[in-house]
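Residue numbers (the numbering used here), protein chains in the order written: chain A, 26 to 63; chain B, 109 to 367.
What follows is the structure, given as structure tokens:
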């Protein structure tokens, strides 16, 4: 039977350990600036 | 199990850049006033799958004005983007494209262009001359004097004013009006124009010859007028692009909408 665990507890257990130095990918948009930002 | 939908496109992905290039070429190809615009940034992209190999793409683009007039034959890649200190003009465009079997085409575009705020320029460069409203009387007087001066000296065709592209007034040192304007060759020589300028009309579409002039009129400390005009020679416009709307002069205001 499935038991519903508290979200916080679940999040605690499910949190995927990040490797040391993990850098999240840049957001997909907006893109790079080619000349200068007004 | 149905295939997972493809990951959303990033704004710097090759597919996004390819779509943006098609969009910018379309915008420049269908604009009739001012200057060519170059891509500065892809603000956002959204893809709506219509079916196999059939997507609708919504692009939000941030463009910057270049120094190339819209009628210039210079390829966009060779057009310098105006620097911030030269009082840049930005274009915000929303473009809808369709991609069928890998071929991109523009379905619609809507752009708004506007000059950078005067305060921003003054903050960075207090002495930089700023863009003036193009119906400023000093500007109109300077353009008229410059074109008359050029026509009085040229051995080529008499030129008529198409539109004023840009104007700045430098208040120190001295007082100078710097203008850029688009011109068209008429069916008169400069000599014939002296006799009857009313008969001088822009050349018909199949012989049209447009050009561009830059002029500096110095009022103080002493009067001086420098004019330089270059004609592009006859260019055959692509079939689906209407020519400039005649007649009369238009003033390309920095803030304008085009769809």
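Beta carbons are placed, not taken as given, at the ideal position from N, Cα and C, and that holds for glycine.
**Report entry** Within the segment 287–344 of chain B, ranges of the alpha helix (DSSP H) (whole runs, at least 4 residues)
**Finding:** 298–304
Requested in this report: For the segment 252–268 of chain B and the segment 220–232 of chain B, state whether three or more C-beta atom pairs, one from each stretch, are separated by less than 8 Å.
Outcome: no
Query raised in the report: When we look at the beta-carbon of residue 115/B and count the other beta-carbons within 10 Å, is it buried (16 or more) or exposed?
Result: exposed
Query raised in the report: Taking the beta strand (DSSP E) that residue 207/B falls in, what are its first and last residues?
Result: 197–208
Query raised in the report: Would you say residue 57/B and residue 150/B are within 8 Å of each other, going by their C-beta atoms?
Result: The structure shown does not extend to residue 57/B, since chain B is modelled only from 109 through 367, so no value can be given for it.
Report task. Give a yes or no on whether the minimum CB-CB distance between residue 46/A and chain B is below 8 Å. Result -> no
Query - Proximal residues to residue 290/B (C-beta, below 7 Å), its chain only, five neighbours per side dropped - result: 177, 179, 270, 271, 273, 318 and 320
Query raised in the report: Got a sec: is the Cβ-Cβ distance from residue 193/B to anything in chain A below 8 Å?
Result: no
Query raised in the report: What's the gap between the Cα of residue 257/B and the Cα of residue 167/B?
Result: 46 Å
Requested in this report: Could you check how far apart the C-beta atoms of residue 210/B and residue 173/B are, in whole angstroms? I think they sit under 8 Å.
Outcome: At roughly 31 Å, the Cβ-Cβ gap does not stay under 8 Å, so residue 210/B and residue 173/B are not in contact.
Query raised in the report: How close, in whole Å, do the beta carbons of residue 275/B and residue 242/B come, if the pair is a contact with beta carbons under 8 Å?
Result: 6 Å
Requested in this report: State yes or no: is the beta carbon of residue 55/A nearer than 8 Å to at least one beta carbon in chain B?
Outcome: yes
Query - Whole-angstrom distance between residue 201/B and residue 286/B, CA atom to CA atom - result: 29 Å
**Report entry** Opening and closing residue of the alpha helix (DSSP H) in which residue 62/A lies
**Finding:** Taken as a continuous stretch (DSSP letters only), residue 62/A belongs to no alpha helix (DSSP H), as it is neither H nor E.
**Report entry** Neighbourhood of residue 309/B by C-beta, 7 Å cutoff - its chain only, sequence neighbours within 5 removed
**Finding:** 294 and 295
Query - Within 8 Å, strictly: CB atoms of residue 217/B and residue 56/A - result: no
Requested in this report: Please say whether residue 254/B and residue 301/B have beta carbons closer to each other than 8 Å?
Outcome: no
Query raised in the report: CB residue 326/B to CB residue 282/B, shorter than 8 Å?
Result: yes
**Report entry** Beta-carbon gap between residue 118/B and residue 53/A smaller than 8 Å
**Finding:** yes
**Report entry** Proximity test, Cβ basis, 8 Å: residue 116/B and chain A
**Finding:** yes
Query raised in the report: What whole-angstrom Cβ distance do residue 171/B and residue 146/B have, given they're in contact under 8 Å?
Result: 6 Å
**Report entry** Same chain, Cβ closer than 6 Å to residue 130/B, five either side skipped, listed in chain order
**Finding:** 212
Requested in this report: Run down chain A in chain order and give the residues with a C-beta less than 7 Å from the C-beta of residue 119/B.
Outcome: 53, 54, 55 and 56
Report task. Measure the alpha-carbon distance for residue 340/B versus residue 315/B and round it to whole angstroms. Result -> 12 Å
Requested in this report: From the DSSP output, in three-state form, read off residue 258/B for me.
Outcome: helix
Query - Whole-angstrom distance between residue 133/B and residue 332/B, CA atom to CA atom - result: 39 Å
Report task. Whole angstroms is fine: what's the gap from residue 152/B's alpha carbon to residue 120/B's? Result -> 10 Å
Query raised in the report: CB-CB under 7 Å to residue 207/B, same chain, minus the five flanking residues each way: which ones, in chain order?
Result: 163 and 165
Query raised in the report: How big is the Cα-Cα spacing for residue 252/B and residue 154/B?
Result: 47 Å
Requested in this report: State buried or exposed for residue 344/B, treating a residue as buried only when at least 16 other CB atoms are found within 10 Å of its CB.
Outcome: exposed
Query raised in the report: Using CA coordinates, which residue listed in 223/B, 342/B, 189/B and 298/B is at the minimum distance from residue 267/B?
Result: 298/B
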